[in-house]
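J.: Following this message is one structure expressed as structure tokens.
In the numbering used here, the protein residues as written are 5 to 177.
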């Protein structure tokens, strides 16, 4: 399993993850189902809370301001120091590694190696801005009829499943 893989160096880690990110995100083409979902939501008031870190909704053209990647986004990176210096795109790093010219990216604030914005260790910081936007969406719509559609959510992702179950129980209408 890729999430549990041990690496001997930061360079080896970035080589491995860059191949996956390139294959499953950079080169990702939206599926027919994803296009149909986008069409279904066109013109509707929606918000997507997703456990996928693959950037699929963004690549399919959904509004990035209406997406909360609960488990992070592997097209972004964060400082490995454990301090929250924010995130930044890792796509140029991924492209360099795929082309055989990769170099471990460093934090602009403390020069520590950068790591993927995913919960791979205790250093993961969720996207607070997206979380806030999601909570505001729920608050603004608490008196309205809201459809909660769970796709691919299962007991292995309780960080997303549990709040959605509680949300549906809280707003039965």
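We put the CB at the ideal spot given by N, CA and C, even for glycine.
1) Among 136, 144, 119 and 154, whose alpha-carbon lies nearest the alpha-carbon of residue 11?
2) Can you check whether the CB of residue 141 is closer than 9 Å to the CB of residue 51?
3) How would you write the range of the beta strand (DSSP E) that residue 120 sits in, first residue to last?
4) Using the three-state DSSP reduction, which class does residue 6 fall into: helix, strand or coil?
5) Does the beta-carbon of residue 79 have 16 or more other beta-carbons within 10 angstroms, so that it is buried, or is it exposed?
6) Run through the DSSP bridge pairs and tell me what residue 144 is partnered with.
7) How big is the Cα-Cα spacing for residue 181 and residue 25?
8) Tell me which same chain residues have a C-beta within less than 8 Å of the C-beta of residue 88, skipping the five on either side of it?
9) Can you confirm whether the region 131-138 touches the region 31-39 when touching is taken to mean that 3 or more C-beta pairs between the two stretches lie within less than 8 Å?
10) Counting along the chain, where does the alpha helix (DSSP H) carrying residue 96 start and finish?
11) Taking the alpha helix (DSSP H) that residue 77 belongs to, which residues open and close that run?
12) Assign residue 143 to one of two classes, buried (16 or more other C-beta atoms within 10 Å of its C-beta) or exposed (fewer than that).
13) Which residues mark the beginning and the end of the alpha helix (DSSP H) in which residue 126 is found?
T.: Short version:
1) Position 7 of the chain shown, counting from 1, holds the residue named residue 11. Checking every option, the nearest Cα to that of residue 11 belongs to 119.
2) Start at 1 with the first residue of the chain shown, and residue 51 comes out as number 47. Start at 1 with the first residue of the chain shown, and residue 141 comes out as number 137. For residue 51 and residue 141, yes; Cβs fall inside 9 Å.
3) If you number the chain shown from 1, residue 120 lands on position 116. First-last of the beta strand (DSSP E) with residue 120: 118-121.
4) The residue labelled residue 6 in the question sits at position 2 within the chain shown. Residue state, collapsed to three classes: helix.
5) Mapped onto the chain shown, residue 79 falls at position 75. By the neighbour-count rule (16 or more Cβ atoms within 10 Å), residue 79 is buried.
6) Here residue 144 is taken as the residue at index 140 of the chain shown, counted from 1. Answer by DSSP bridge pairing: none, since residue 144 is not bridged.
7) No answer is possible for residue 181: the residues shown for the chain start at 5 and end at 177.
8) Counting from 1 along the chain shown, the entry for residue 88 is found at position 84. These residues qualify, in order along the chain: 82 and 129.
9) no
10) Taking the chain shown and counting its residues from 1, the one referred to as residue 96 is at position 92. Residues 95-102.
11) Translated into the one-based positions of the chain shown, residue 77 becomes position 73. Premise fails: residue 77 lies in the beta strand (DSSP E), 77-83, not in any alpha helix (DSSP H).
12) Taking the chain shown and counting its residues from 1, the one referred to as residue 143 is at position 139. By the 10 Å Cβ count, residue 143 comes out exposed.
13) Taking the chain shown and counting its residues from 1, one reaches residue 126 at position 122. Taken as a continuous stretch (DSSP letters only), residue 126 belongs to no alpha helix (DSSP H), as it is neither H nor E.
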